[in-house]
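Chemist:
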Amino acid sequence: MESGDRYGVAGYGSGGDGAVPPPPSHAPSVGPPPPGAPLRAAAAALLNLTGLGLGYALLGRWGRAAVCWAATAVLLWVALPADPDGVPAGVLVGYLLILVLAAVDGGRIARRSAVGGAWRPGLAVGLGVVLLAVPAGGAVVYGSARDEAREQMLLERLESGDERVATASGQPFEAAKGEYGKALDVYRALGEDHPGSRAAKLVPDRLKAYYDAVSAPYAKKRHCEAVAPLTYLRTLPDSVDKRVLGELAAWPDTPLAESLYACGVSRLGGSGSGSGGDGGTELGELLRTFPESASARRVAPAIDERIKDHVTALKGAEPCTATEVLRGLGATASRLPDDSVKKLSADADEGVVDGVYACGVDQFKDEKFGAARTTLTDFARTYKSDGRVRQARNIAIAAEIADDRPAAGKRLPPSKRPGGARMELVISNDAPNTVEVLYTGPVTGTVTLRACAGCERYSASEGPRRACKASGRNYPKARLQLPAGEYHFLYKHGTGAAARVDSYSSGTRVQPGYTYTSCTYVIERSPFDLDLPLLPDPIQPVVSPWGAGSSR
43 MESGDRYGVA GYGSGGDGAV PPPPSHAPSV GPPPPGAPLR AAAAALLNLT GLGLGYALLG
103 RWGRAAVCWA ATAVLLWVAL PADPDGVPAG VLVGYLLILV LAAVDGGRIA RRSAVGGAWR
163 PGLAVGLGVV LLAVPAGGAV VYGSARDEAR EQMLLERLES GDERVATASG QPFEAAKGEY
223 GKALDVYRAL GEDHPGSRAA KLVPDRLKAY YDAVSAPYAK KRHCEAVAPL TYLRTLPDSV
283 DKRVLGELAA WPDTPLAESL YACGVSRLGG SGSGSGGDGG TELGELLRTF PESASARRVA
343 PAIDERIKDH VTALKGAEPC TATEVLRGLG ATASRLPDDS VKKLSADADE GVVDGVYACG
403 VDQFKDEKFG AARTTLTDFA RTYKSDGRVR QARNIAIAAE IADDRPAAGK RLPPSKRPGG
463 ARMELVISND APNTVEVLYT GPVTGTVTLR ACAGCERYSA SEGPRRACKA SGRNYPKARL
523 QLPAGEYHFL YKHGTGAAAR VDSYSSGTRV QPGYTYTSCT YVIERSPFDL DLPLLPDPIQ
583 PVVSPWGAGS SR
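Numbered by the working numbering, the letters in the sequence shown go through residues 43 to 594 in order.
1) Quick one: grab the DSSP three-state call for Val552.
2) Can you list, in chain order, the residues of its chain whose CB lies under 6 Å from that of Val353, leaving out five sequence neighbours each side?
3) Taking 6 Å as the limit between beta carbons, can you name the residues of its chain near Pro484, skipping five residues before and five after?
4) Would you kindly report the start and end of the unbroken beta strand (DSSP E) that includes His236?
5) Can you tell me whether Gly487 is helix, strand or coil according to DSSP?
6) Could you tell me the boundaries of the alpha helix (DSSP H) in which Gln433 lies?
7) When the Cα atoms are used, what is the spatial distance from Leu329 to Arg276?
8) Quick check: what's the CA-CA separation for Ser301 versus Ala434?
9) How long is the line joining the alpha carbons of Lys384 and Gly321, rounded to whole angstroms?
10) Would you give the residue range spanned by the beta strand (DSSP E) that Lys41 belongs to?
11) Going by other Cβ atoms of all chains shown within 10 Å of its Cβ, with 16 needed for buried, is Val398 buried or exposed?
12) According to DSSP, is Thr277 helix, strand or coil?
13) Just verifying my parser: in three-state terms, what is the DSSP assignment at Arg464?
14) Give the secondary structure of Glu334 by DSSP, where H, G and I count as helix, E and B as strand, and everything else as coil.
15) Under the DSSP definition of a beta bridge, which residues are partnered with Tyr500?
16) Is the region 292-299 close to the region 354-362, with three or more CB pairs under 8 Å?
17) Glu596 lies in the beta strand (DSSP E); which residues open and close that run?
18) Should Val135 be labelled buried (16 or more other beta-carbon atoms within 10 Å of its own) or exposed?
19) What residue does the beta strand (DSSP E) around Thr482 start on, and which one ends it?
20) Cα separation between Lys426 and Asp280?
21) Pull up the DSSP beta-bridge partners for Pro519, would you.
22) Does the pairing of the region 500-516 with the region 543-554 give three or more beta-carbon distances under 8 Å?
23) Quick check: Leu532 and Arg447, are their CB atoms within less than 8 Å of each other?
24) Between the alpha carbons of Pro297 and Glu193, how many angstroms are there, rounded?
25) Return helix, strand or coil for Leu310, following the three-state DSSP convention.
26) How do the region 370-389 and the region 407-415 stand: do at least 3 beta-carbon pairs fall below 8 Å, yes or no?
27) Can you have a look at Ala217 and say buried or exposed, based on whether 16 or more other CB atoms are within 10 angstroms of its CB?
28) CA-CA distance, Thr416 and Ser545?
29) Measuring CB to CB, does Gly487 end up less than 8 Å from Ile437?
30) Given a cut-off of 8 Å, decide if Pro246 and Gly288 are closer than it, judged by their beta-carbon atoms.
31) Leaving out the 5 sequence neighbours to the left and right, which residues in its chain are closer than 6 Å to Ala520 when beta-carbon positions are compared?
32) Do the CB positions of Ser257 and Leu272 come within less than 8 Å of each other?
33) Give the secondary structure of Ser382 by DSSP, where H, G and I count as helix, E and B as strand, and everything else as coil.
34) Could you tell me the alpha carbon to alpha carbon distance between Cys305 and Arg206, rounded to whole angstroms?
35) Measure the C-alpha to C-alpha separation of Gly451 and Asp404 and round it to an integer number of angstroms.
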């Protein structure tokens, strides 16, 4: 008792009444830890790991607890509402570092301090383990919210692609191609980069709608307009994973082949110089790209049928048009990469020969004499071995005469020479220049008279009296043997000595039993020539029966 009394007096006594003071609230900072320290440290550490600062709260360290609360509040402010990208890595690492430091610090303090109150360390450890489910569950919930936010973001991207398709579908393909490309980029990224997302699962349906929008001209049977968009769709497997495209990857082949065929056939026979072309571009692409397709097998029969139709049309009202179509068909067939098609160009070329002749005849009948002359002259020059060359030349001669004297174009020259008696027509040239005489009637032809050496121009009054009447002069002559009938003549004076001499025409009737003569000469007229009446046109041919003159 004495030792105990001494201990009591020495350790706790402060007066003489023997009262005992309460124990200290904290364990001494030196010396061995208080009993149960490991369990208390574990409890404090676990409670601080919850992010709620409960370990500090049980230890009475409210300032440190407030730091934990502030860190948690900052994390929640940054993290909520959930963002598709989640919490920034720096913030998350910083927060976890604070929790770890708080756990270590709380465990250190609890290990050295005697905790006041009636709390049980074992129960605190259990509570800490249970409360750890709060941040863990929060992380799970936040992850789910973040995933949903990401899904919504991807769905919004999908919607933006849909809007671009809707905008582009109302425009021509070339103008809308950029928008279609941007929409495709959206679908491709969703399908390839986010394959498990809800948006990615909707991509196949969107791609079907995308293909329908791009290929709308094909659905509307506007085949020429459909070629470019279908060609574009056919290239998509080069840039988009075929697993994303699925069956759509090969879909454009058949529609594109059909469109190339339909467009090319619709343009067959064109000149190829306009925007429409002659069909060769489309049909050539078809035969090169889809040589085994059903559409490719239809090309040769289609061209053959078109050639036969226009050969038949040569006998119709528009042989010139039919000829141009045949010319275009032959040119197109010769360029196509298929031997069975190439050989059809020979049929078209054969039709062109008949067509050029038929066109010239039709132009003559339609009184387009200048065009008829050009067409038939080209025919005679190009197809020299054709049996119609002689008649083509005759019609060209008649057309040239009729261009100056329309009465010569009332009927085509006979294709056969008439029989019966012939009358002689002698044409003399009293002009200082070469003269070509064209004639048409029961027979058609042309003769050329050389220039008359020493011949001069006459005045208007002298011409009829003096032309071809100089004794002893040898006038250049041409002798024609003509069947009876009505004839038309065109006198074409050459250049050189008579550079300004007019050509002129005349007509007469040749009757059986007579011999005819004609003289061509040149008169020089002037508005000051008092021997002539004043005329509206001072240059007029002077013609008498079988006597001919020309003025300049």
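Quick reminder that beta carbons are idealized off the backbone N, C-alpha and C, glycines included.
Modeler: Walking through what the data contain:
1) Locating residue 552 in the sequence shown gives position 510, counting from the first residue. Three-state result, Val552: strand.
2) Within the sequence shown, residue 353 is the residue found at index 311, counting from 1. The answer, listed in chain order, is Gly393.
3) Residue mapping note: residue 484 aligns to position 442 of the sequence shown, counting from 1. Answer for Pro484: Pro460, Pro525 and Gly527, listed in chain order.
4) Within the sequence shown, numbered from 1, the residue matching residue 236 stands at position 194. His236 -> no beta strand (DSSP E), and no H or E assigned at all.
5) Here the question's residue 487 lines up with position 445 in the sequence shown. It is a strand residue.
6) Here residue 433 corresponds to residue number 391 of the sequence shown, with the count starting at 1. That run of the alpha helix (DSSP H) goes Val431 to Asp446.
7) Walking along the sequence shown from the start, residue 329 turns up at place 287. Walking along the sequence shown from the start, residue 276 turns up at place 234. Rounded to whole angstroms, Leu329 to Arg276 spans 16 Å at the Cα level.
8) By one-based count along the sequence shown, residue 301 stands at place 259. By one-based count along the sequence shown, residue 434 stands at place 392. The alpha-carbon atoms of Ser301 and Ala434 are separated by roughly 43 Å.
9) As a first step, residue 384 is located in the sequence shown; it is residue number 342 there, counting from the start. As a first step, residue 321 is located in the sequence shown; it is residue number 279 there, counting from the start. Each residue's Cα considered, the two are about 14 Å apart.
10) The structure shown does not extend to residue 41, since the chain is modelled only from 43 to 594, so the question has no answer here.
11) For the purposes of this step, residue 398 is taken as residue 356 along the sequence shown, with counting starting at 1. By the 10 Å Cβ count, Val398 comes out buried.
12) As a working note, residue 277 is residue 235 in the sequence shown. DSSP places Thr277 in coil when its eight states are reduced to three.
13) Your numbering for residue 464 matches position 422 in the sequence shown. It is a strand residue.
14) Residue numbering aside, residue 334 sits at position 292 when the sequence shown is read from its first letter. Three-state DSSP puts Glu334 in coil, outside helix and strand.
15) Working through the sequence shown from its first residue, we reach residue 500 at position 458. Note: Tyr500 sits in a beta bridge opposite Ile565.
16) Output reads no: the region 354-362 does not touch the region 292-299.
17) Residue 596 falls outside the range modelled here, since the chain spans only 43 to 594, and no answer is possible.
18) Here residue 135 is taken as the residue at index 93 of the sequence shown, counted from 1. With fewer than 16 other Cβ atoms inside 10 Å of its own Cβ, Val135 counts as exposed.
19) In the sequence shown, residue 482 corresponds to position 440, counting from 1. Thr482 -> beta strand (DSSP E) spans Val477 to Thr482.
20) Position 384 of the sequence shown, counted from the start, is the residue given in the question as residue 426. Position 238 of the sequence shown, counted from the start, is the residue given in the question as residue 280. If I take the Cα positions, the gap works out to 56 Å.
21) Walking along the sequence shown from the start, residue 519 turns up at place 477. The question names Pro, but residue 519 is Lys in the sequence shown. Partner(s): Ser470.
22) no
23) For the purposes of this step, residue 532 is taken as residue 490 along the sequence shown, with counting starting at 1. For the purposes of this step, residue 447 is taken as residue 405 along the sequence shown, with counting starting at 1. Yes, the pair counts as a contact, with Cβ atoms nearer than the cut-off.
24) Your numbering for residue 297 matches position 255 in the sequence shown. Your numbering for residue 193 matches position 151 in the sequence shown. Each residue's Cα considered, the two are about 36 Å apart.
25) In the sequence shown, the residue the question calls residue 310 occupies position 268. The answer is coil: DSSP assigns Leu310 none of H, G, I, E or B.
26) no
27) Position 175 of the sequence shown, counted from the first residue, corresponds to residue 217. Exposed.
28) Counting from 1 along the sequence shown, the entry for residue 416 is found at position 374. Counting from 1 along the sequence shown, the entry for residue 545 is found at position 503. If you take the alpha carbons of Thr416 and Ser545, they lie about 19 Å apart.
29) Within the sequence shown, residue 487 is the residue found at index 445, counting from 1. Within the sequence shown, residue 437 is the residue found at index 395, counting from 1. No, they are not a contact pair.
30) Sequence index remark: in the sequence shown, residue 288 carries index 246 (1-based). Sequence index remark: in the sequence shown, residue 246 carries index 204 (1-based). For the 8 Å CB-CB criterion, Gly288 and Pro246 form a contact.
31) What you label residue 520 is simply residue 478 of the sequence shown in a count that begins at 1. Excluding sequence positions up to five before and after Ala520, its CB lies within less than 6 Å of the CB of Ile469, Val489 and Leu491, all in the same chain and listed in chain order.
32) As a working note, residue 257 is residue 215 in the sequence shown. As a working note, residue 272 is residue 230 in the sequence shown. For Ser257 and Leu272, yes; Cβs fall inside 8 Å.
33) For this step, residue 382 is matched to residue 340 along the sequence shown. Helix.
34) Here residue 305 refers to the residue found at position 263 when the sequence shown is read from its first residue. Here residue 206 refers to the residue found at position 164 when the sequence shown is read from its first residue. Those two C-alpha atoms are separated by around 29 Å.
35) The residue you call residue 451 lines up with position 409 of the sequence shown. The residue you call residue 404 lines up with position 362 of the sequence shown. When rounded, the distance between both Cα atoms is 12 Å.
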